[in-house]
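Written out below as structure tokens is the structure these notes cover.
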Amino acid sequence: MVTRRSVLGGAVAATGASLITGGALMPLLNARSAQAADGAGPRAVPVPPPFSVRMPTLPVLSPISTLGGQDTYYVTIKEVAREILPGAQTKVLTYDGHFPGPVLRARTGRRVVVRHRNNITMPVAVHLHGGNVSPENDGAPMDTFAPGTARTYTYLNQQPHAPLWFHDHAHHMESEHVYRGLSGSYLLTDDIEAALPLPAGQYEVPIALRDARFDEAGQLVYVMDDVFGRTTILANGRPSPYFQVAARKYRFRLLNSSNMRFFQLRLSDGGQMIQIGSDGGLLERPFTTDTVGLSPAERADVVIDFSRYPVGTKIVLENTLGPGTPDQVGKVLRFDVVRTASDPSRIPNVLRTLPAPAAATVQRHIGLSMDEDGRPEPRGLMDGRVWDADRIDQTIAHGTSEIWTVTNENKIAPHNFHMHLVQFRVLERNGAPAGPAEAGLKDTVRLFPGETVKLHATFNTYRGTYVYHCHLLDHSAMGMMANFRIR
Ligand code: C2O
Ligand code: CU
Numbered sequence: 001m002v003t004r005r006s007v008l009g010g011a012v013a014a015t016g017a018s019l020i021t022g023g024a025l026m027p028l029l030n031a032r033s034a035q036a037a038d039g040a041g042p043r044a045v046p047v048p049p050p051f052s053v054r055m056p057t058l059p060v061l062s063p064i065s066t067l068g069g070q071d072t073y074y075v076t077i078k079e080v081a082r083e084i085l086p087g088a089q090t091k092v093l094t095y096d097g098h099f100p101g102p103v104l105r106a107r108t109g110r111r112v113v114v115r116h117r118n119n120i121t122m123p124v125a126v127h128l129h130g131g132n133v134s135p136e137n138d139g140a141p142m143d144t145f146a147p148g149t150a151r152t153y154t155y156l157n158q159q160p161h162a163p164l165w166f167h168d169h170a171h172h173m174e175s176e177h178v179y180r181g182l183s184g185s186y187l188l189t190d191d192i193e194a195a196l197p198l199p200a201g202q203y204e205v206p207i208a209l210r211d212a213r214f215d216e217a218g219q220l221v222y223v224m225d226d227v228f229g230r231t232t233i234l235a236n237g238r239p240s241p242y243f244q245v246a247a248r249k250y251r252f253r254l255l256n257s258s259n260m261r262f263f264q265l266r267l268s269d270g271g272q273m274i275q276i277g278s279d280g281g282l283l284e285r286p287f288t289t290d291t292v293g294l295s296p297a298e299r300a301d302v303v304i305d306f307s308r309y310p311v312g313t314k315i316v317l318e319n320t321l322g323p324g325t326p327d328q329v330g331k332v333l334r335f336d337v338v339r340t341a342s343d344p345s346r347i348p349n350v351l352r353t354l355p356a357p358a359a360a361t362v363q364r365h366i367g368l369s370m371d372e373d374g375r376p377e378p379r380g381l382m383d384g385r386v387w388d389a390d391r392i393d394q395t396i397a398h399g400t401s402e403i404w405t406v407t408n409e410n411k412i413a414p415h416n417f418h419m420h421l422v423q424f425r426v427l428e429r430n431g432a433p434a435g436p437a438e439a440g441l442k443d444t445v446r447l448f449p450g451e452t453v454k455l456h457a458t459f460n461t462y463r464g465t466y467v468y469h470c471h472l473l474d475h476s477a478m479g480m481m482a483n484f485r486i487r
């Protein structure tokens, strides 16, 4: 049987050497990990056996002010050392010292203003992924701010609830910056979501999943397009941790913050999960599933009811996709059922209603590819071209809806597709109606080799120029990105 694991794993093995090199496109920070490795002495820091450390919950940022109808935050982007592997202090790039990034909680209709101070040595741009924001506040790839300076972003939050996230987007550096820690969650809620009796408080748990590669000194190693090397799985910043739960329902807000890793998640007993939401917020209807897929940047809102397990049960959240062996990348985290608890929460049969997609007046076809011919510096391409900041690739009439048919033209490399500004609908996948996990609002959609999706988007808010790109960030850093302009 051909499983996705063998497809992806074989894929990587086949192109191997060529994919690892980034040549001239290689970002600049690699010297840092080399230095750290040299300076840290001979003791090798091992990745611990699975489930030996506890999974922390993510810190929630506090506004410095809630006056004037807005929440104001000050965030400092800085390098700090944090314990990821037990016994090692790993240098990471952070928003305000948090690894993984913190959670900012926002509410539809209430303005959020974030002043970011850049205290690292490279320019940065902070992008609100999935956000409906004006071009000046989008954190676009060339709209960076320099070391030692600050930049204020204003988010009007005039969009429905959604589990957004924010991350670095400085072109050619986004990949390494995000890998080294510059990502955080932005959980936007609204009255519709807040009125539902879903698990809340300590029973609503954001979890950021990603992979990483460590050197002997326990420092992060960044090599561009390092599909083989990043085989340590982190859940909320710790390697394959355990998490103690009560025997009741939990709502997990999953984010794949990996640069390139696709997860296909399941419970070790094959138990059911209830997916209630995706990138753009709640689905119209929950559905029951034994597996949840997440390509880089995708989110899944998943309820697990641990009341079916006796106290003392340990259930592993497994990943069934490579690259990497099941031993390396198969164990994401373990849920330890340690107590009983009352559970007033409920999952309604209808979570929200979404408007039917408006009639589309324009059709476009987009092809994603990267060089797979073994050349030393493979390019990432959108419609055969490397990103050019000054080239407008698609011009869109304001107020219209369009259908974009997007194809992964590669034979080997998986990709995905993300558009800034809009939440779109997935009308079709490979000619068939999209499955239930893709039935809601989406901003990122997976594309295994040869796959085609048909997307519907409406451009009736801001005018201006935004990017669309593959969200395997090593690929977008290699050029797999293009511009659309709404006028
Ligand atoms: Cu997560 Cu250009 O975006
Ligand atoms: Cu890609």
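Read the sequence shown against the working numbering and you will find it ends at 487, with the numbers running on by one and no gaps. Ideal Cβ positions, reconstructed from N, Cα and C, are used throughout, including at glycine.
- Under the 8 Å Cβ criterion, the segment 228-241 counts as touching the segment 51-60, having at least three qualifying pairs.
- Closest by C-alpha distance to S476, out of Y309, A81, S175, R82, is S175.
- Relative to the non-hydrogen atoms of the ligand C2O, the Cβ of V467 comes within a distance shorter than 7 Å of at least one.
- T94 places its beta carbon less than 8 Å from that of V80.
- Between L368 and the set R261, E451, F228, the nearest pair of CA atoms involves E451.
- Between the alpha carbons of L282 and A217 lies a distance of about 42 Å.
- Look at the beta carbons and you see the segment 134-148 touching the segment 456-475: at least three pairs across the two are nearer than 8 Å.
- The count of Cβ pairs closer than 8 Å, one atom from the segment 183-203 and one from the segment 92-110, reaches three, so the stretches are in contact.
- Following the DSSP letters along the chain, one finds Q394 inside the beta strand (DSSP E) bounded by residues 394-396.
- For A170, the closest C-alpha among the options N118, L58, Y203 is that of N118.
- The beta carbons of H161 and E204 sit about 13 Å from each other, so the pair does not count as a contact at 8 Å.
- Distances from the CA of T361 to each of F459, M478, L354, I392 were compared; the closest alpha carbon is that of F459.
- Distance from the CA of Y242 to the CA of A397, rounded to the nearest whole angstrom, comes to 50 Å.
- P100 and A208 have their C-alpha atoms some 7 Å from each other.
- Collapsing the DSSP output to three states places D474 in a helix.
- Counting the other CB atoms within 10 Å of its CB gives N349 a total below 16, which places it among the exposed residues.
- DSSP, reduced to helix, strand and coil, places P56 outside both helices and strands of the structure shown, so it counts as coil.
- In this structure, D211 sits near S258, with a CB-CB distance shorter than 8 Å.
- Less than 8 Å separates the beta-carbon of F252 from that of I304.
- Counting only runs of 4 or more residues that sit fully inside the segment 186-274, the alpha helix (DSSP H) segments are 191-194, in chain order.
- When C-alpha distances from P286 are compared across F448, P296, D301, G229, the shortest belongs to D301.
- The segment 370-378 and the segment 395-415 touch, with three or more beta-carbon pairs separated by less than 8 Å.
- About 6 Å separates the beta carbon of R299 from that of L254, a gap short enough to meet the 8 Å contact definition.
- Checking the 7 Å criterion, the Cβ of A413 is within range of a heavy atom belonging to the ligand CU.
- Using a Cβ distance threshold of 8 Å, A106 and N157 count as a contacting pair.
- With a threshold of 7 Å, the Cβ atom of A297 counts as near the ligand C2O, since some heavy atom of the ligand is closer than that.
- Taking 8 Å as the cut-off, the beta carbon of L427 is found no closer than this to the beta carbon of A437.
- Relative to the ligand CU, even the nearest heavy atom lies 7 Å or more away from the CB of L381.
- Around the beta carbon of L67, fewer than 16 other beta carbons sit within 10 angstroms, so the residue counts as exposed.
- Taking the C-beta atoms as reference points, V75 is found nearer than 8 Å to H116.
- By the C-beta density criterion, E284 is exposed, having fewer than 16 other C-beta atoms within 10 angstroms.
- Under the three-pair Cβ rule at 8 Å, the segment 316-323 counts as touching the segment 263-283.
- For the pair V453 and H471, the Cα-to-Cα distance works out to about 15 Å.
- Proximity of the beta carbon of H127 to the ligand C2O is indicated: a heavy atom of the ligand is located closer than 7 Å.
- Taking the C-beta atoms as reference points, G479 is found no nearer than 8 Å to L354.
- Relative to the ligand C2O, H420 has its C-beta within less than 7 Å of a heavy atom.
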